[in-house]
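Presented below is the structure to which this report refers.
Residue numbers (UniProt numbering): 1 to 386.
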């Protein structure tokens with residue numbers, strides 16, 4: 001038996017019309033009763049139709065209209081009760097109809113709800129299947145994601161290890177390079193110290209060379225004076241020799257025979273004197289030539305040093321900045337100072353123009369010196385080239 005059948009049986013049992021206390025039915029010949037005479041009223045005295053049955057005999061009235069007895073009053077009351085019970089039966093019938101309607105509606109609602117329950121169960125099963133499939137897909141995707149992340153992590157770890165090894169090698173090479181650079185810095189510092197010392201020595205040597213150059217200039221001047229004097233002496237000696245030769249020819253013509261021995265002796269003396277003077281002139285010429293070569297070399301060295309110093313001034317070799325850069329830096333510093341001191345723009349332009357003119361004059365002066373050296377002493381450039 002299904003649940004619906006059980007519900008219907010319970011409702012029918014509740015709605016069953018059992019006999020209750022006070023319920024009655026008509027018995028007798030007129031009502032198809034138990035042969036109780038012309039008729040009467042059968043009254044049950046218990047609840048649920050289980051009480052004793054009381055049969056009230058029908059009322060027999062006299063023909064002359066006798067007075068009503070208690071039975072007649074009781075029958076009237078009973079009639080009223082019957083009418084009331086009939087009304088109750090009508091109400092119960094209406095209630096039964098309403099109950100049947102409610103039962104029908106409840107049955108329909110139950111069927112609809114049952115169908116909805118089945119539909120919801122189907123939806124639930126479908127949702128569970130979809131959720132299971134989605135869960136499996138998510139688990140599969142998560143497993144793949146975990147595998148991919150593990151693989152990427154492994155690759156990243158390998159890359160980090162390779163990079164770490166590379167960085168360690170670079171660190172070792174950088175440490176070696178740092179050590180090498182430190183040693184190089186120490187070496188350069190020592191070379192700088194040696195260069196500074198050498199520069200000081202060269203400055204001393206330069207001062208000595210300048211003094212020597214001045215001395216050589218004095219020597220050159222004295223040699224020049226001596227050369228002039230020697231030239232005069234040579235000219236005088238040449239004149240004396242020519243005169244002596246003329247005297248010798250005249251004496252030879254006049255006193256060829258008598259003065260032969262004296263002339264021979266004089267000729268020997270003059271020849272020896274002439275040879276001595278010629279040797280002295282040759283020595284003086286050689287000495288003059290040596291002095292000229294020494295003078296030219298010293299002048300070349302002096303001009304070379306002047307040229308190098310001029311180039312150093314222009315290019316700033318051996319120092320932080322060149323002369324022009326120092327002047328321009330000085331000009332810029334003056335401009336900044338003037339700006340800080342709130343000098344007018346016209347004064348600043350004038351100062352800059354004057355400084356630029358000074359720089360131009362200095363460059364022109366240095367260029368003139370260099371051009372003069374190139375025009376007058378081109379051999380210096382050849383010496384520098386060789």
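Note that beta-carbon positions come from the ideal geometry of N, C-alpha and C, so glycine has one too.
Going by the C-beta, is residue i closer than 7 Å to any heavy atom of the ligand COA?
i          : result
residue 69 : Absence of the ligand COA is noted for the structure shown, with no ligands found whatsoever.
If we count the other Cβ atoms within 10 Å of its Cβ and call it buried at 16 or more, is residue i buried or exposed?
i           : result
residue 35  : Residue placement at residue 35 cannot be trusted, given a pLDDT of 41 that sits under 50; the coordinates are not used to answer.
residue 374 : exposed
residue 319 : Here the model assigns residue 319 a pLDDT of 47, short of 50, so the residue's position is not dependable and the matter cannot be decided.
residue 59  : Confidence is the limiting factor: at residue 59 the pLDDT is only 46, short of 50, which leaves the residue's position unreliable, though a coordinate-based value still follows. By the neighbour-count rule (16 or more Cβ atoms within 10 Å), residue 59 is not buried but exposed.
residue 371 : exposed
residue 30  : Unreliable positioning characterises residue 30 in this predicted model, as indicated by a pLDDT of 41, which lies under 50. The coordinate reading is nonetheless provided below. Exposed, because fewer than 16 other Cβ atoms sit within 10 Å of the Cβ of residue 30.
Taking the alpha carbon of residue i as the point to measure from, which residue in the options has its own alpha carbon closest?
i           : options           : result
residue 304 : 246, 376, 235     : 376
residue 212 : 71, 184, 297, 175 : 297
Practice task
Within the stretch 168-223, note down every full beta strand (DSSP E) run reaching 3 residues or more, in order along the chain.
Solution key: Complete beta strand (DSSP E) runs here, min 3: none at all.
Problem - Runs of alpha helix (DSSP H) lying entirely within the stretch 67-130, each at least 4 residues, in chain order - result: If we require 4 residues or more, the stretch 67-130 turns out to have no alpha helix (DSSP H) run fully inside it.
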